[in-house]
Amino acid sequence: MGASQSKSSETDEHVFANETPISLSPNIVNQLSDRLESSETSSERQSSLDAHIRSRIQSEIEILKQAEDRIRQEIELTLEKENLDREKGASQDGSGGTGRILSSVELRGDLEEIRSKVDRYQSRKNLSEFPEVKSTAEAVVLCYRTHPSTPLDCWNEVAQFKNSVARVEQVATHTLELVSF
């Protein structure tokens with residue numbers, strides 16, 4: 032039924048016969064035939080096309096950047112709202128099984144406190160306050176330099192250095208335990 036309509040025996044080509052002769056100058060015919068033979072575009076046309084393509088790409092990039100920024104802001108706002116809701120819900124429940132839930136401000140305060148402890152620890156780490164460690168380290172280096180082919184002969188200096196470091200570590204951990212409580 033419908034199959035005969037979709038298969039046409041006629042071709043879609045129509046040929047029209049020109050009744051009046053058309054004559055073109057040889058210059059035009061040569062120019063048109065040169066353009067057909069040559070697949071290259073002129074440099075002016077190519078630069079125009081390139082500039083147009085670049086401008087379209089830049090406009091698309093700007094649109095995508097704006098969309099990305101908008102989506103990022105929406106996500107940040109949504110996450111912030113969820114965190115605030117979670118903090119409010121946890122503070123209203125008061126029965127947090129994992130202990131207390133801290134707000135952002137409390138967490139920042141705790142971070143600052145930890146940073147100050149680390150800074151104090153770093154300032155104590157200076158070897159000028161521990162001359163025993165500095166002198167035993169220098170003794171180890173001197174021994175290694177005097178015995179380059181037999182470094183195992185420096186075992187006594189290395190043992191003294193390890194003992195001095197262990198004493199300093201005990202003092203440092205003891206002071207950290209006092210600071211943290």
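Note that the sequence shown covers residues 32 to 212 in our numbering.
Even for Gly, the Cβ is constructed at its ideal location relative to N, Cα and C.
Alpha-carbon spacing of residue i relative to residue j, whole angstroms
i: Ser56; j: Gln62; result: 10 Å
i: Glu118; j: Leu138; result: 12 Å
i: Ser180; j: Asp150; result: 41 Å
i: Ser147; j: Thr204; result: 16 Å
i: Ser78; j: Asp100; result: 32 Å
i: Gln201; j: Ile102; result: 53 Å
i: Ser166; j: Ile145; result: 32 Å
i: Ile106; j: Leu95; result: 16 Å
i: Val60; j: Glu75; result: 22 Å
i: Gly140; j: Gly120; result: 22 Å
i: Ser86; j: Glu93; result: 11 Å
i: Asn58; j: Val46; result: 27 Å
i: Ile53; j: Ser73; result: 28 Å
i: Asp81; j: Gln104; result: 34 Å
i: Ser90; j: Ala98; result: 12 Å
i: Gln123; j: Lys112; result: 16 Å
Cutoff 6 Å; reference residue i; Cβ partners in own chain excluding five residues on either side
i: Cys174; result: Cys185 and Glu188
Nearest-angstrom Cβ-Cβ length linking residue i and residue j, presumed shorter than 8 Å
i: Val136; j: Phe161; result: In fact, because the Cβ distance is near 39 Å, the residues do not count as touching under 8 Å.
i: Glu163; j: Ser195; result: 5 Å
Same chain, Cβ closer than 8 Å to residue i, neighbours up to 5 away in sequence not counted
i: Ala170; result: Glu188, Gln191 and Phe192
i: Leu142; result: none
i: Gln114; result: The residue asked about is misnamed: residue 114 is Asn in this sequence, not Gln. If we look at Asn114 and ignore the five residues flanking it on each side, its Cβ neighbours are Ser135.
i: Gly128; result: Since pLDDT at Gly128 reaches only 46, below the 50 mark, its modelled position is unreliable, and no value is offered.
For residue i, three-class secondary structure by DSSP
i: Ile88; result: helix
i: Pro52; result: coil
i: Asp141; result: helix
i: Glu113; result: helix
i: Ser78; result: helix
i: Ser135; result: helix
i: Pro179; result: coil
i: Glu200; result: helix
i: Asp184; result: helix
i: Phe47; result: coil
i: Ser147; result: helix
i: Ser73; result: coil
Sequence-distant residues of the same chain with beta carbon closer than 7 Å to residue i, five excluded per side
i: Tyr152; result: Leu207
i: Pro182; result: Tyr175
i: Ala48; result: none
i: Ala168; result: Phe192
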